[in-house]
Structure formats: C-alpha cells, structure tokens
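In the numbering used here, the protein residues as written are 2 to 198. Each residue gets a CB set at the ideal place from its N, CA and C atoms; glycine is no exception. What you are looking at is a predicted structure, and each value in this text was computed from that prediction instead of being measured.
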C-alpha cells in the first residue's frame, strides 16, 4: 500500500483526486490533503506518508518552498510535483532540491499512478514529458535539439521505463540505448540529467 498526501489549492484536485485515486487502484491510499505548503508541513509531521503529490503554484507557501522544507526534514520521503507550471527555472530549482518526479496535471490517472509506483518502488526519478526542459538554466538559452530516436528514448525513460525495457520496446540493443543516453548527457551538459536517466 502506497500512502499519498496531496497538496493543491484547486478544490477539484484536493477533494476529487483522492476519490479517483482510491477508486482507480487499490494499491494506493490517500492519507491526507492540504491546500497550501504551510498547511501541508503542519499535517505531514503527524502522518505516515510514502509520497507527497505537490502543486507548485499555491498561496501562503508555494510548492518550491514546501519542497525545500520537506526534503530537509524528511529526506526519505518521495515528493512528486503535480503541476501545470512550465517554467524551466522552476524545474531546475526543484530538481536541484531533490524532487523525485514532475508530472503534468493533464496526465491520465492510470499513467500518473504507474509513474508514482515506479518512483516509490524502484527509487528512480521520473519527469515525464517535461524532461526536455531540464538543461542548465539560462533565460536566453534554447533546449538542446534531439534526434527522433533520442526523443523516443527520452520519452520512454521519462515514463519510468528502465533502459533494458526501452531497448525491448524500440527493438534496439541495450548498448544502443546507452549510446543515445550518453549523447543526450553531452547535449544537456547537466548533472541533473544523470540523476534522471
């Protein structure tokens, strides 16, 4: 059983998502919710939690500040950003702070829960379709250009598949996938990319 705590200021998510999650997959239990980071910090200290699903834009205390406190106080806790924020500086900041996953709010519920399972069970980082935004932040910089095959590899890795699974899905050898990953590391020139893929 994976115990989740949801932090989001949108009532439809704070109140509706717990019902949907528990109806969708019996491996999950939502143990609490909060509408901002300050409320979350107060409540989380009294609960047994495996994963925090955290919005980034909230009143009083936003997700970035909340993440910083959570990672300092509970380093073993998995924290997943569940957000519609597309600001690359925010992505870089929360990755530097140790975020375990970044998942877009438009993600299908079954995909969302599968990603959370992989983050929790396999201790890997997943940032889904947002992965190409992770490059050394420069407001004037453009993300590196990837080949079609690199994009496919990146997409599958971002969904949480292991390199061997990616190789099988693309009918490639694991060595070929490793070579594509090595090329992407060079293109991104970012240590954070190594943590993710």
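Q. Buried or exposed: where does residue 5 fall if 16 or more other Cβ atoms within 10 Å of its Cβ makes it buried?
A. Sequence index remark: in the chain shown, residue 5 carries index 4 (1-based). Buried, because 16 or more other Cβ atoms sit within 10 Å of the Cβ of residue 5.
Q) Cα separation between residue 85 and residue 168? A) If you number the chain shown from 1, residue 85 lands on position 84. If you number the chain shown from 1, residue 168 lands on position 167. Taking the straight line from one Cα to the other gives about 30 Å.
Q.
Rounding to the nearest angstrom, what Cα-Cα distance links residue 188 and residue 146 in this structure?
A. Position 187 of the chain shown holds residue 188. Position 145 of the chain shown holds residue 146. When rounded, the distance between both Cα atoms is 8 Å.
Q) Is DSSP giving residue 1 helix, strand or coil here? A) This structure cannot settle anything about residue 1, because the visible part of the chain is limited to 2 through 198.
**Q.** Close beta carbons around residue 184, own chain, < 7 Å, minus the five adjacent residues each side
**A.** Numbered from 1 along the chain shown, position 183 holds the residue referred to as residue 184. Around residue 184: 151.
Q) Thinking C-alpha only, which one of 55, 174, 148 is nearest residue 72? A) As a working mapping, residue 72 is identified with position 71 in the chain shown. When only C-alpha atoms are compared, the closest one is 55.
**Q.** Local conformation of residue 149 per DSSP, three classes
**A.** Residue mapping note: residue 149 aligns to position 148 of the chain shown, counting from 1. Three-state DSSP puts residue 149 in a helix.
Q) What are the boundary residues of the alpha helix (DSSP H) that residue 170 is part of? A) Counting from one through the chain shown, the residue named residue 170 turns up at place 169. Where residue 170 is concerned, the enclosing alpha helix (DSSP H) stretches over 164 to 170.
Q. Would you say residue 123 reaches chain C, if we count a Cβ-Cβ gap shorter than 7 Å as a contact?
A. The structure shown contains no chain C; it is built from a single protein chain.
Q: On a CA-only basis, which of 175, 105, 60, 97 is nearest residue 160? Give me that one, please.
A: Mapped onto the chain shown, residue 160 falls at position 159. Per the Cα distances, 105.
Q.
Judging by CA-CA distance, which residue of 79, 155, 181, 99 is the nearest neighbour of residue 121?
A. Here residue 121 is taken as the residue at index 120 of the chain shown, counted from 1. Nearest C-alpha to residue 121: 79.
Q. Which residue comes first and which comes last in the alpha helix (DSSP H) that contains residue 105?
A. Along the chain shown, read from residue 1 onward, the residue named residue 105 stands at position 104. No alpha helix (DSSP H) holds residue 105; the beta strand (DSSP E) holding it covers 102 to 105.
Q) What are the start and end residues of the beta strand (DSSP E) that includes residue 34? A) Along the chain shown, one-based indexing puts residue 34 at 33. Looking at the DSSP string, the run of the beta strand (DSSP E) that includes residue 34 is 29 to 35.
(Q) Whole angstroms are fine: how far does the CA of residue 116 sit from the CA of residue 12? (A) Here residue 12 refers to the residue found at position 11 when the chain shown is read from its first residue. Here residue 116 refers to the residue found at position 115 when the chain shown is read from its first residue. Taking the straight line joining both Cα atoms gives about 23 Å.
Q.
Per DSSP, what are the beta-bridge partners of residue 79 in this structure?
A. Against the chain shown, residue 79 aligns to sequence position 78. Answer is 52.
(Q) So for residue 132, helix, strand or coil by DSSP? (A) What you label residue 132 is simply residue 131 of the chain shown in a count that begins at 1. For residue 132, the pLDDT reaches just 49, beneath the cut-off of 50, and the residue's location in the model is therefore unreliable, although a value from the coordinates is still provided. Three-state DSSP puts residue 132 in a helix.
Q: Use the C-beta contact count for residue 76: other C-beta atoms within 10 angstroms, 16 or more gives buried, fewer gives exposed.
A: Locating residue 76 in the chain shown gives position 75, counting from the first residue. Exposed is the call here.
Q. Looking at C-alpha atoms only, which residue of 100, 46, 2, 62 is the closest neighbour of residue 31?
A. For this step, residue 31 is matched to residue 30 along the chain shown. With distances taken between Cα atoms, residue 31 lies closest to 2.
Q) residue 108 to residue 83, Cα distance in whole Å? A) Taking the chain shown and counting its residues from 1, the one referred to as residue 108 is at position 107. Taking the chain shown and counting its residues from 1, the one referred to as residue 83 is at position 82. Spanning the two alpha carbons is a distance of roughly 9 Å.
**Q.** Residue nearest to residue 27 in terms of C-alpha spacing, selected from 19, 34, 69
**A.** Taking the first residue of the chain shown as 1, we reach residue 27 at position 26. Ranking 19, 34, 69 by Cα distance to residue 27 puts 19 first.
Q | Outcome for residue 36 when other beta-carbon atoms lying within 10 angstroms are tallied against a minimum of 16 | A | Taking the first residue of the chain shown as position 1, residue 36 is located at position 35. Buried: at least 16 other Cβ atoms inside 10 Å.
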